Each structure stands twice: as C-alpha cells, then as structure tokens.
Amino acid sequence: MIVTLKRWLDSDIGYSFRSSPTALVAALIAFICGFAALFAPWVAPHNPFDLATLELANARLPPAWYAEGSKAFLLGSDDQGRDILSAVIYGARISLAVGLVSVVLSVLVGVTLGLLAGYVGGWVDAFLMRLCDVMLSFPAILVALLIAGVGRALFPNAHETLAFGVLILSITLTGWVQYARTVRGSTLVERNKEYVQAARVTGVSSLRIMRRHVLPNVLGPVLVLATIQVATAIITEATLSFLGVGAPPTSPSLGTLIRIGNDYLFSGEWWITIFPGVMLVLIALSVNLLGDWLRDALNPRLR
Amino acid sequence: MLAFILRRLVQALIVMVAVALIAFMLFQYVGDPVVFLLGQDTTPEEASALRTALGLDRPFFIQFWHFLGNAVQGEFGISLRQGIKVSQLIAERFPATIELALVAALLALVIGVPMGVYAALRRGSFLSQVFMTISLLGVSLPTFLIGILLILVFAVHLGWFPSFGRGTVVQVGGWSTGLLTAKGWHHIVLPAVTLAIFQLTLIMRLVRAEMLEVLRTDYIKFARARGLTDRAVHFGHALKNTLVPVITITGLQLGGLIAFAIITETVFQWPGMGLLFIQAVNFADVPVMAAYLCLIALIFVVINLIVDLLYFVVDPRLRIDRAGGH
Chain A
1 MIVTLKRWLD SDIGYSFRSS PTALVAALIA FICGFAALFA PWVAPHNPFD
51 LATLELANAR LPPAWYAEGS KAFLLGSDDQ GRDILSAVIY GARISLAVGL
101 VSVVLSVLVG VTLGLLAGYV GGWVDAFLMR LCDVMLSFPA ILVALLIAGV
151 GRALFPNAHE TLAFGVLILS ITLTGWVQYA RTVRGSTLVE RNKEYVQAAR
201 VTGVSSLRIM RRHVLPNVLG PVLVLATIQV ATAIITEATL SFLGVGAPPT
251 SPSLGTLIRI GNDYLFSGEW WITIFPGVML VLIALSVNLL GDWLRDALNP
301 RLR
Chain B
304 MLAFILRRLV QALIVMVAVA LIAFMLFQYV GDPVVFLLGQ DTTPEEASAL
354 RTALGLDRPF FIQFWHFLGN AVQGEFGISL RQGIKVSQLI AERFPATIEL
404 ALVAALLALV IGVPMGVYAA LRRGSFLSQV FMTISLLGVS LPTFLIGILL
454 ILVFAVHLGW FPSFGRGTVV QVGGWSTGLL TAKGWHHIVL PAVTLAIFQL
504 TLIMRLVRAE MLEVLRTDYI KFARARGLTD RAVHFGHALK NTLVPVITIT
554 GLQLGGLIAF AIITETVFQW PGMGLLFIQA VNFADVPVMA AYLCLIALIF
604 VVINLIVDLL YFVVDPRLRI DRAGGH
C-alpha cells in the first residue's frame, strides 16, 4: 500500500498533485469530510438519532464560543437539543452516500448507452442523441425536481428506503446524459481504429469488443466528469432535500438540516442552518477544485 | 431552412406530447377520482355509474385524447387542495414569477456584461481577479444558500429589506404587478439578486471568454492596423460580435431562471408558480402538478425554438450553408 502510494506520488499525475497547493488543500478537506462521514458513529461526539440522550434543557444552545454555549455542543444545538456538529457529520454521511451512489449509477447508465450509440449507430444512435438533446434543453435541477415530485406523488406514504430510491433515481436520470455524449463521441473515433477492426476480423463478438477493447480507451474523460458530477449531485440532492422532496426528516441530509434550520433564522439561531450550509459548500468546493485539477492534469495539451 | 424548422417543430411537438402523457399518467395512478368525489363508502353501482359519466371506463387513448384537448385549452381541472380552478390559480401566480425572472435577467445582464468586458480588457489586474474569484464562489454556492445568507445579513441583521412576500401589488388589466409600487420594488430586491447571482457569474465568464476570443481574430488586428482607437476597436467591433452568443445564452437561460425560481420562491415565500408547484408536490395535488409540468415544458420548448430560429437571423453563415446543402 505504501509502495503504491509512493509510486503514485512519483508519477506524472502525482507530481502535478504535489506541486499544486489548491489540489493539496482541496484533497485534504475532501479527505477530512469523507473520513468524518464514513466513521460518523465514532467521530461524532453525540448520536443525534438516539432519542434517549436528547434533553430539552440542551435545546437551542449557541456555539461553544458564546457565553451561554456549552463545551459539550461545540457548534450549538437545535430545537430538540441535538448536537449540530454531530447532525452535520451524520448529514454529510447521507449527502455523500446519495451523491456517490447516484454518480456511479449515472456513469453505468451513461457509459453503456454512449457505447451502444457510438458503436451500433443507426436509429439507436439517432434516438439516444435526440433524447439527450431534449434532456439537455431542460435544467438538470428541474428534471430531477419533477421526477422526485412525481415519485413522491405516486408513493405518498413512501417508506424511507423508497424515498431514497426515488431521490437517487431522480439524480441518476438527469446525470447520465453527459457521460453518454462524451462516451459516444470517443467511441465514434475508436471504432474505426485498427485494433477494433482487427478484433472484428478475428471474429470477436460486438459485445466483447465494446467491453474489452473500446471501453478502457474511452474512460479517461468519464473519470474527470464523474469527479465534478459528485459535487453537482451533492448540491442537487441538497436542493431537493431543501425543497422537501429529498431525504426524509428521519434521516436528514445536509439539505434537510438547512431546511429545518431555516425556520429558526428569524429567532436568531443562525447556527442551526449555517453550519450544515458551510459543510455543504466545503464538500462541493473541494470536490470541484479536485475535478478541475484532474482535468488539467490528465489533459496532455496543457502540460 | 424550411426542413430544419419543420424538424424542430416536430421534435417540439413530440416533447410536448410526451410531457402531457406523463402528466396524464399522474392522474391515472395517483388517487382515484371516483373515491375522491363519492367518498369511501359507495355502492359499486354508483361508482361505476359515475365512472361511465366521467368517461373513465373508456380506453386509455381516448381518455388521453380528451386530456390533450382540455390541456390545449388550459383546462386542468380543480386543485384538490384549494378547490379553485387550476387555470385560475396559475394565472394568479404567473405574473409574480415572470416579473421576478425578468428583473433577475436584467440585473444579471446589466452587471454581468460590463464585469466580463472589464475582466477581458484588463486581464490580470487586481479587480479582474476579484471578479473571477467572486464568479467561482457564485458557481459553487447553491441558490438556496445564497438566499439564506442574504436573508441572514440584509433582513435579520441589518433589517434593510423584507424577506418574504411581494409587498403591495397593483392590478393592471388582470396582471398583478409589484413593479409600480415602492413596496413592490423593496420586496423584489433580495429574491431578484439571489436568482441573478448564478446567471451573473455565467454571463460574466461567457463575455470574458468570448471577448478574449474575438480580440485574437484577424479583423481586430486589421482594425488596429488601420489606426482605429482602442475604444472603437473594443466597443465598436469586438463587443458587438461578443454579444451574439451572449444574447442566445441569456435567452436560453430565461427558461432556467423560471425553473430556478422554484428554489428562490421557496426561500423567500414569493407567491409565484414555483412555490405553487412545490406546495402541490408536498400535498400530492395532481391537477396543479400536471398543469405546471405542461406549462414549464411549453415555455422551454418555445424558448428553444425561438433561440434556434434566432441563430438563423443573427448568423448569416448558417443560412448559406443550409441553402447550399439542399
């Protein structure tokens, strides 16, 4: 593990990573957020979902640096006496999980359809690309909102798992278009190259050519796109949750926390809504910066 | 060109029918109107009689055809939650959203274009770098957070602007406008700024990139060689050509503004269509959802069509290419 890490740091990309302060800082922040989210039960000082530990006497405490604040609640507490820091860590866990799962799913769908469109061509290609055009002419957040809204209307008393399913589905269905377009473009180039023709002549099946030969050669741009899409997916999730069609209040994501805290803005308890917001921006910004860096590092023309 | 327009029209029509089909499916699968109208304890005979009277026993496509016919006339039934005709509800809310989107678009253009031009002409200066940093923040901050931050600073702490509602509105021939009263303008500031910030950063980056691109072209070099002043080159020749893509993008973004208004309206409790839609979603108010779905799709299809046609009007090269090709 250490050897591979060292080898990676010595490679071209590793060098560009070491020499970019932005990438280093962004990676550090992303790592801390990811680590805290992954090990939330051990990192968070309280368990915000354990109703037995909640006490109303601790409700609406300001952050610890205020005179009325308490050291036990570093970033203050909400109206039910939940620790904001713990809620933010658990919220980030849900936000990151939803974001990552939906990006993985949209990559799967997008790459498959893009490969098909590029390799098979004909009416399959024409149909899929028209579909992409139509999807792209609407803003992604609107399409996601409509799907989430329709899903919610279809299953009004949805179980928690189903609510998350609809949420992930709505982000996935808006995210695949970009991958499909990129992969289709590269596939069109690759399919006419000699190695593909050689494979075809030797009688390899189309499915196998797509999977074993074309796919590895078109994945580069997908990686960059996927990194940036993680930030987009997390923000989309937060927006849907903020509007009340995302994560259920029983397992709040960062967006849900901001929505709940928004009601307390006027009574002066700004920390309930601002700290989840800060966490959201930190994650989105660091992932965005990492994506920008990766795009530049993988682009040979910029070296 | 005619073939192109026809193809676009057919595509637009297909999209509209597909959206209408989705809206129609909502009616089919969310709740049973017969149970809704008669209550839970009715005899099966009564239920089936009403079913026949409402035409619900007819084949799927016949029902869909009727739905389409009604939808074209703007008829979507009665809101389950408010008991008012949906067309009337939408008509009440429509002006609020349009005014908000237009003021935001204007703000974004009036501030974004000069900022972009400046960032391109004085590349590397301190102020340009400040602009670019602001634009990076504007892209990374989600709209609803910008709104919350503005409320926290300007409404809660400073108390300069109100944070919800439209203020006083005046009726001008069926159109309720807030733009004729001081209170209305006072109320629109924060929501419009929130909605404008994302577009503003987009326009600024676009203007800067286009301007840099145009300044490199031969005809600008030639204009300089002819001894024209910097001012004539920058604003007479370069800016003019920069604005073509900016106008089309802004046009396309107008639909985006109406869509993003859903978020802004929720944050500021702005009584527009977006807020209506979100409330409808939370209460499973199907007629309102279906109407909003069709209306927003129509707005987008029309905007895309207009922008496609504008390309032909603005860029003569497209016309020549097409004419030569056919």
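Protein chains in written order, with my numbering: chain A, 1 to 303; chain B, 304 to 629. Built from N, CA and C at the ideal position, the CB exists for glycine as well. Being a predicted model, the structure only gives us computed values, none of them experimental.
Closest by C-alpha distance to residue 588(B), out of 368(B), 384(B), 351(B), 376(B), is 384(B). The C-beta separation of residue 580(B) from residue 592(B) comes to about 7 Å, placing the pair in contact by the 8 Å criterion.
Look at residue 181(A): its C-beta is not under 9 Å from any C-beta on chain B. In the displayed model, residue 83(A) falls within a strand according to three-state DSSP.
Between residue 314(B) and residue 134(A), the C-beta gap is smaller than 9 Å, which places the two residues in contact.
The CB of residue 319(B) never comes closer than 8 Å to any CB in chain A; the least such distance is about 11 Å. In the three-state reduction of the DSSP assignment, residue 610(B) falls in the helix class. Residue pairing by DSSP puts residue 479(B) in a beta bridge opposite 474(B).
For the pair residue 116(A) and residue 193(A), the Cα-to-Cα distance works out to about 17 Å. A distance of 9 Å or more separates the beta carbons of residue 185(A) and residue 298(A).
When DSSP assignments are scanned along the stretch 496-570 of chain B, the uninterrupted stretches of alpha helix (DSSP H) that are 4 or more residues long and fall wholly within it turn out to be 521-528. Around the beta carbon of residue 573(B), 16 or more other beta carbons sit within 10 angstroms, so the residue counts as buried.
Residue 35(A): member of the alpha helix (DSSP H) spanning 21-38, first to last residue.
Here the stretch 226-243 of chain A lies against the stretch 284-297 of chain A, with 3 or more beta-carbon pairs under 8 Å apart. Secondary-structure assignment with DSSP links residue 388(B) through a beta bridge to 381(B).
For residue 186(A), the three-state secondary structure derived from DSSP is helix. By the CB criterion at 9 Å, residue 517(B) and residue 535(B) fall outside the cutoff. For residue 286(A), the secondary structure class from DSSP, reduced to helix, strand or coil, is helix. Put simply, of 463(B), 429(B), 495(B), 310(B) the residue whose alpha carbon is nearest the alpha carbon of residue 414(B) is 495(B). From the listed residues 320(B), 355(B), 330(B), 608(B), the smallest Cα separation to residue 153(A) is found for 330(B).
According to the DSSP assignment, residue 250(A) belongs to no alpha helix (DSSP H), since it is labelled neither H nor E. Residue range 429-443 is occupied by the alpha helix (DSSP H) that includes residue 439(B). Residue 146(A): member of the alpha helix (DSSP H) spanning 140-154, first to last residue.
For residue 454(B), no alpha helix (DSSP H) run applies, since DSSP gives it neither H nor E. The Cβ of residue 141(A) sits closer than 9 Å to at least one Cβ of chain B.
Assignment of beta-bridge partners to residue 77(A) by DSSP yields 83(A).
The beta-carbon of residue 23(A) is placed no less than 9 Å from the nearest beta-carbon of chain B.
By the Cβ-count criterion, residue 474(B) is exposed, with fewer than 16 other Cβ atoms from all chains shown falling within 10 Å of its own Cβ.
In this structure, the alpha-carbon of residue 244(A) lies about 18 Å from that of residue 265(A).
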